Each structure stands twice: as structure tokens, then as C-alpha cells.
Amino acid sequence: MKPPEWIVSDLDETLLRSDNTISDYTLTVLKRVRASGSKFAIATTRYKSFAQKYIDILQPDAMVVSGGAIGIINDEIVHYQVMDHEKIEHLLDDLNSLPTKRPTVIDSSDGRYGDNRPVPRPFEHEANQMIIWLTKPLSQSFIGKWSEHFLITTLWIPGLYRIADFKASKLEGLKTVLNSVDTSGVYTFGDDPMDAGMLGYYQGVAVANAHKEAREAARYHTLSNDEDGVARWLESNFLM
């Protein structure tokens, strides 16, 4: 097949191996396919600072970070979504009554809160996404109430959720970043529920270790992340 116009890959459990490394083989294949004319982007739930070491290695032509809240191309932010400021305070009040496994994390215009520094109240920064990890699943009443105001995504670990603006998804970020590109020319790679939208909308390829939502959304399938599935698929389809 002719090399695509764009290749877009998730990082964790997709392009990265389980030990959070990128193999030399993968880097070589990406270099070859980019030399043939394809552009490369990443789409990750990580906020930009947490993904920076991989950005430095990969030097992507574009990126969607913070799960799709921020989209960047040619070093310009072209997609930027924040959570409703007033509703965040009420949401945090409701979350305080839930049994958490780890502190709630907010990725914001002022960096990450909840890991090494507590979430201040009131929260006065622009919030791009919120990650909550509970000891048990969210109740249907909570989901019913808050899904009217925010996008709530069940993530890959039981009790782990992401809450963000409705347009703060990887798919919406890519639609903005790649707004002039035909979907037939974009190949996306992923493994988890956050990737399902972009896998279904573009030419999606799921790695063998993908969760059900990603596997069912994808048009194509490849080897696992630990078998360099992204690079193996690119090489066998575009470089042979």
C-alpha cells in the first residue's frame, strides 16, 4: 500500500512497550515511513510534561495530549478545551464523598495537581482533564448526573475514570489538528477506551493487547505493544 498521509499512535501500551520504552526497531521503522512521506503524530492521555521525554525522542509533527483536551501542530495550539469552572467546584464536592484509591488528579494550565501538590479549593486554573481512581465503580446516579455536564470515560483499570469537556477527546482533538486531511489517509493505533473514537473514525489499528472497546472499533489488528505491533504493521503494509 501507499504510505499514508498521517500515522497517529497512542503511547502507553501501544507504541511503548510495557516497560515504557520505545524499541530501536520501532524508531527505525518510524524514521523510514516518515522518510517516504508520511507525517507522524501522537495522541495520549498523558499531559504534555508527562509525555515530554517521548516527544523529545519521537519529534512528532503534531500531538494530541491530555486525552484530547489539547491539540498542537507546527508548535501551535489549535485545539484547547477546558472544564466548566463553576461546575468543577460542585463536582469536587461530590467526589469528596466517594472512596478514592488515590487522590484526584487535575491537569491544568498550571500543571498537574493532586500528585505532588494538593488540589486547591476553589480551583482557579483552567482544568483540561480530571482523573479519578476509586475503590469501586461510579454509581449510575453519579454518572447520570455528571454526564450531562462532562465527558466521563471508564478507563483501563477498574475504578479509574477520566472526566473532561465533551470536546476534550482524542477524536475531537485529531479532527481539529487534521481538519484538512481525508480520513482515508490517516492510520491510528491504540489499545484502550480512550482510543476507540479515533480508531473507529480513521483507519484504526488495534494492538493485540487492546481492550474490547478498541478491538471492536478498529478496522485492522496487529501484534501486541511488547512485540512492536505498531512498527510491524507499518513495515509489512507500507515498507515491503
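Per numbering that gives the first Met the number 0, the very first residue in the sequence shown carries number 0; after that it's consecutive.
Ideal Cβ positions, reconstructed from N, Cα and C, are used throughout, including at glycine.
Quick caveat: nothing in here was measured; it's all calculated off a predicted structure.
Is any beta-carbon of chain E found at less than 8 Å from that of residue i?
{"i": "glutamine 202", "result": "The structure shown has no chain E; it contains just one protein chain."}
Could you give the C-beta distance for residue i and residue j, rounded to a whole number, given that I count them as a contact under 8 Å?
{"i": "proline 98", "j": "glycine 113", "result": "Going by Cβ atoms, the distance from proline 98 to glycine 113 rounds to 16 Å, so no, they are not a contact pair."}
{"i": "glutamine 80", "j": "alanine 167", "result": "4 Å"}
{"i": "glycine 172", "j": "alanine 42", "result": "7 Å"}
{"i": "glycine 203", "j": "arginine 218", "result": "5 Å"}
{"i": "valine 206", "j": "valine 63", "result": "Not confirmed; about 18 Å, so no contact."}
{"i": "tryptophan 5", "j": "valine 229", "result": "No, tryptophan 5 and valine 229 are not in contact; Cβ-Cβ is about 14 Å, not under 8 Å."}
{"i": "phenylalanine 188", "j": "threonine 13", "result": "5 Å"}
{"i": "serine 65", "j": "asparagine 127", "result": "4 Å"}
{"i": "valine 185", "j": "valine 7", "result": "6 Å"}
According to DSSP, is residue i part of a helix, a strand, or is it coil?
{"i": "serine 35", "result": "coil"}
{"i": "tryptophan 232", "result": "helix"}
{"i": "aspartate 164", "result": "coil"}
{"i": "proline 102", "result": "strand"}
{"i": "serine 107", "result": "strand"}
{"i": "glycine 66", "result": "helix"}
{"i": "tyrosine 46", "result": "coil"}
Can you give the Cα-Cα distance for residue i and residue j, rounded to whole angstroms?
{"i": "glutamate 125", "j": "serine 107", "result": "5 Å"}
{"i": "tyrosine 24", "j": "asparagine 224", "result": "12 Å"}
{"i": "leucine 170", "j": "leucine 94", "result": "27 Å"}
{"i": "lysine 144", "j": "serine 96", "result": "15 Å"}
{"i": "glutamate 38", "j": "aspartate 92", "result": "The question names glutamate, but residue 38 in the sequence shown is lysine. Distance between the alpha carbons of lysine 38 and aspartate 92 is about 44 Å."}
{"i": "glycine 110", "j": "alanine 213", "result": "29 Å"}
{"i": "isoleucine 142", "j": "alanine 163", "result": "13 Å"}
{"i": "asparagine 19", "j": "aspartate 11", "result": "7 Å"}
{"i": "isoleucine 69", "j": "asparagine 236", "result": "30 Å"}
{"i": "lysine 52", "j": "glutamate 234", "result": "25 Å"}
{"i": "isoleucine 156", "j": "arginine 120", "result": "28 Å"}
{"i": "valine 104", "j": "histidine 78", "result": "21 Å"}
{"i": "proline 192", "j": "arginine 16", "result": "18 Å"}
{"i": "alanine 34", "j": "isoleucine 21", "result": "19 Å"}
{"i": "tyrosine 160", "j": "tyrosine 46", "result": "15 Å"}
{"i": "alanine 216", "j": "aspartate 194", "result": "9 Å"}
{"i": "isoleucine 87", "j": "phenylalanine 122", "result": "8 Å"}
{"i": "methionine 82", "j": "isoleucine 72", "result": "22 Å"}
{"i": "alanine 40", "j": "aspartate 9", "result": "9 Å"}
{"i": "histidine 210", "j": "aspartate 190", "result": "6 Å"}
{"i": "serine 138", "j": "serine 146", "result": "12 Å"}
{"i": "leucine 133", "j": "threonine 153", "result": "11 Å"}
{"i": "phenylalanine 165", "j": "leucine 150", "result": "5 Å"}
{"i": "tryptophan 232", "j": "asparagine 208", "result": "14 Å"}
{"i": "glycine 36", "j": "phenylalanine 49", "result": "29 Å"}
Spell out the partners DSSP gives residue i in its beta bridges.
{"i": "histidine 220", "result": "Ala205"}
{"i": "phenylalanine 149", "result": "None, per the DSSP bridge assignment."}
{"i": "leucine 159", "result": "Trp132"}
{"i": "tyrosine 186", "result": "Ile6, Gln202"}
{"i": "isoleucine 41", "result": "Ser8, Met62"}
{"i": "tyrosine 112", "result": "Ile105"}
{"i": "isoleucine 54", "result": "Beta-bridge pairing links isoleucine 54 to no other residue."}
{"i": "isoleucine 71", "result": "Met62, Ile76"}
Between which two residues does the alpha helix (DSSP H) containing residue i stretch?
{"i": "isoleucine 21", "result": "No alpha helix (DSSP H) holds isoleucine 21; DSSP gives it neither H nor E."}
{"i": "histidine 241", "result": "This structure cannot settle anything about residue 241, because the visible part of the chain is limited to 0 through 239."}
{"i": "glutamate 88", "result": "84–94"}
{"i": "leucine 170", "result": "169–176"}
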